[in-house]
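*Asks:* Those letters in the sequence shown? Residues 1 to 406, by the UniProt record's numbering.
Think of the CB as a built atom: it goes at the ideal place given N, C-alpha and C, for glycine as much as any other residue.
Predicted model, so just to flag it, every value in this text is computed and none were measured.
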Amino acid sequence: MDPSSQPHPSQSVIRIPGPNTRHLHRSRNFFNCFAWFAALWNMHFKSSTLTAALWLAYGHGRSIAEPIHAARPHPAVQLKHWPAEAAKALGTMIVKNANQSNYAVFDMDNTSYRYDLEESLLPFLENRGILTRENLDPTLKLIDFKDTANYTESLYSYYIRLCEVDDFVCYPWAAQVWSGFSLKILKTYVDELMALNTTIQTKYWDGDEIVSATVNPPKVFRGQAELYNALMDNGIKVYVVSAAHEELVRMVASDPKYGYNVPPENVIGVTTMLKNITSGELTNARKQIEAGTYDPQAFLDDLVMAPYLWTPATWFAGKWAAILTYIDQWKRPILAAGDTPGSDSYMIFHGVDVSKGGIHLWINRRDAYYTRILNEQAENAAGQRENGREVTADKNWVVVKPADIL
């Protein structure tokens, strides 16, 4: 989440010292047999065909379902949509950590696809009269609208002004604003947005001036979709930890047509309560996953967004808190990917297990942000050193531009 999500060019950077890799024994269970079958099948069919076939077998035709990635080691990981040096660093790390119960975490907006889902869905629906002031939940009218005789302030402008108050105001607002919409209809709108081949027109207040702007819909980073699947194909779980609403992100990350193939329960984001339109019961995915009753299709059919927030809230320190809460308290990821200093910093700096050759992956969309993350590297390394901690903050960084992985 970041209201300024246009890309800014800068050079790709790779800094990977020789990693110290720990080799763990693979567990002997049913999935080893399944992996053997999948590998044999893959001798005759492309991996994309295998993934689709297995997803259909598992999902029984669901629109969002967990795909099955057979754990099969690859002597050389092919990442064709990455710069050569970045592909080499990532591929080496994957091979060394394959099939050892490891996992990776990714931000979504501007990291896994280009641009921002909520920031584009907002004007997309507002311009069509679908999301309006009139159907905005009253609890979300936090400040007065700034109207003039010639301009009725847009919700997009309102969001920008809330960000000027504080990120901790506009981040939750951008997730709560969908209150009252069913997940089923939101999935339709998200798919329409993802298929959009043009920009979205809007206006907003910039100080005391009204300016016109164009907002870009998300565009899949082919490199990231490729990386997600390479990790999962090598027995490394992939989790999304996003500052956007979890249900909206899941509509992209877990829908096979977008290519990421993330299991629905592995998508972690800002969570609000959801209301069952038949029973009136309050629930959400996090609650049902914990209870073992989660069914993605039932969510699309029966539930409506409510404004009440669930915690941890997945921005800033909350991203690291979400990893501790929903993934693992002690095992750190072997890769953490982000693009926004502050919101992604805690997850990236606290998360990566450098002792396994783990990688800090940075999508460098703005020069100013890259300068900030370099400063954070130096400051955090100094803090680790002063406190007798292993110095990892400035180790094992792979940095690429958005255009490198489209």
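Decide if Asn375 is buried, meaning its Cβ has at least 16 other Cβ atoms within 10 Å, or exposed.
*Replies:* So Asn375 ends up on the exposed side.
*Asks:* Taking Ala382 as the reference, give the member of Gly235, Thr199 and Ala393 with the closest Cα.
*Replies:* For the residues Gly235, Thr199 and Ala393, the minimum Cα distance to Ala382 belongs to Ala393.
*Asks:* Ordered along the chain, which non-local residues of its own chain (more than five positions away) have a Cβ less than 8 angstroms from that of Leu117?
*Replies:* Counting only Cβ-Cβ distances below 8 angstroms, and skipping sequence neighbours, we find Met108, Asp109, Val190, Leu193, Pro218, Ala244, Leu248, Val249 and Val252.
*Asks:* Nearest to Asn261 by alpha carbon, out of Asp404, Asn284 and Gln224?
*Replies:* Closest by alpha carbon: Gln224.
*Asks:* Measuring only the C-alpha atoms, how far is Asn97 from Lys356?
*Replies:* Distance between the alpha carbons of Asn97 and Lys356 is about 7 angstroms.
*Asks:* Contact between the stretch 206 to 213 and the stretch 278 to 290: three or more CB pairs below 8 angstroms?
*Replies:* No, because fewer than three Cβ pairs between the stretch 206 to 213 and the stretch 278 to 290 fall closer than 8 angstroms, the two stretches do not touch.
*Asks:* Just list the residues that DSSP pairs Ala213 with in beta bridges.
*Replies:* Looking at the DSSP assignment, Ala213 forms a beta bridge with Thr202.
*Asks:* Among Gly259, Ile405, Trp320 and Tyr258, which has the Cα closest to the Cα of Ala336?
*Replies:* Of the listed residues, the one whose Cα sits closest to Ala336 is Trp320.
*Asks:* Find out if the Cβ-Cβ distance for the pair Gln176, Leu309 is shorter than 8 angstroms.
*Replies:* Yes, the pair counts as a contact, with Cβ atoms nearer than the cut-off.
*Asks:* What does the alpha-carbon distance come out to for the pair Leu140 and Gly269?
*Replies:* Cα to Cα, the separation comes out at about 19 angstroms.
*Asks:* In or out: Arg385 buried (at least 16 other Cβ within 10 Å) or exposed?
*Replies:* With fewer than 16 Cβ atoms within 10 Å of its Cβ, Arg385 is classed as exposed.
*Asks:* On the DSSP bridge assignment, give the partners of Leu131 in chain order.
*Replies:* In DSSP, Leu131 forms no bridge with anything.
*Asks:* Give, in chain order, every unbroken run of the alpha helix (DSSP H) that is at least 4 residues long and sits entirely within the stretch 294 to 325.
*Replies:* Correct list: 296 to 302.
*Asks:* Check whether the stretch 362 to 372 touches the stretch 396 to 406, counting contact only when three or more Cβ pairs, one atom from each stretch, lie closer than 8 angstroms.
*Replies:* In short, these stretches touch, since the Cβ pair count reaches three.
*Asks:* Here's the rule: buried if 16 or more other CB atoms are within 10 angstroms of the residue's CB, otherwise exposed. What is Arg389?
*Replies:* When all chains shown are included, Arg389 counts as exposed.
*Asks:* Let's test the definition: count the other Cβ atoms within 10 Å of the Cβ of Leu324 and tell me whether it reaches 16, buried, or not, exposed.
*Replies:* Leu324 is exposed by the Cβ-count criterion.
*Asks:* Mapping the DSSP letters down to three states, classify Ala98 as helix, strand or coil.
*Replies:* Ala98 falls in the coil class under three-state DSSP.
*Asks:* Apply the 10 Å Cβ neighbour rule to Ile185 and answer buried if 16 or more other Cβ atoms are within range, or exposed otherwise.
*Replies:* It counts as exposed.
*Asks:* Only counting the same chain, and skipping five residues up and downstream in sequence, which positions put a Cβ closer than 6 angstroms to that of Phe145?
*Replies:* Within the same chain, Phe145 has close Cβ partners Glu153.
*Asks:* So, for Leu227: in the same chain, excluding its five sequence neighbours on each side, which residues have a beta-carbon less than 8 angstroms away from its beta-carbon?
*Replies:* Contacts found: Leu79, Trp82 and Leu90.
*Asks:* Taking only three categories from DSSP, how would you classify Phe349?
*Replies:* DSSP places Phe349 in helix when its eight states are reduced to three.
*Asks:* If I measure Cβ to Cβ from Thr314 and keep anything under 7 angstroms in the same chain, skipping five residues before and after, which residues do I get?
*Replies:* Once the five neighbours on either side are set aside, the close Cβ partners of Thr314 are Val241, Ser242, Ala243, Ile268, Gly269, Val270 and Ala322.
*Asks:* If you measure between the beta carbons of Lys395 and Val354, is that distance less than 8 angstroms?
*Replies:* Cβ atoms of Lys395 and Val354: closer than 8 angstroms.
*Asks:* What are the boundary residues of the beta strand (DSSP E) that includes Lys237?
*Replies:* Here the beta strand (DSSP E) through Lys237 covers Lys237 to His245.
*Asks:* Just confirm the distance between the C-beta atoms of Tyr204 and Tyr239, as a whole number of angstroms; I'd bet it's less than 8 angstroms.
*Replies:* Not confirmed; about 33 angstroms, so no contact.
*Asks:* Cα-Cα, which of Val352, Arg372, Glu85 and Leu136 is closest to Val391?
*Replies:* Nearest option by C-alpha distance: Val352.
*Asks:* If you draw a straight line from the C-alpha of residue 421 to the C-alpha of Tyr113, how long is it?
*Replies:* The requested residue 421 does not occur in the structure, where the chain is confined to residues 1 to 406.
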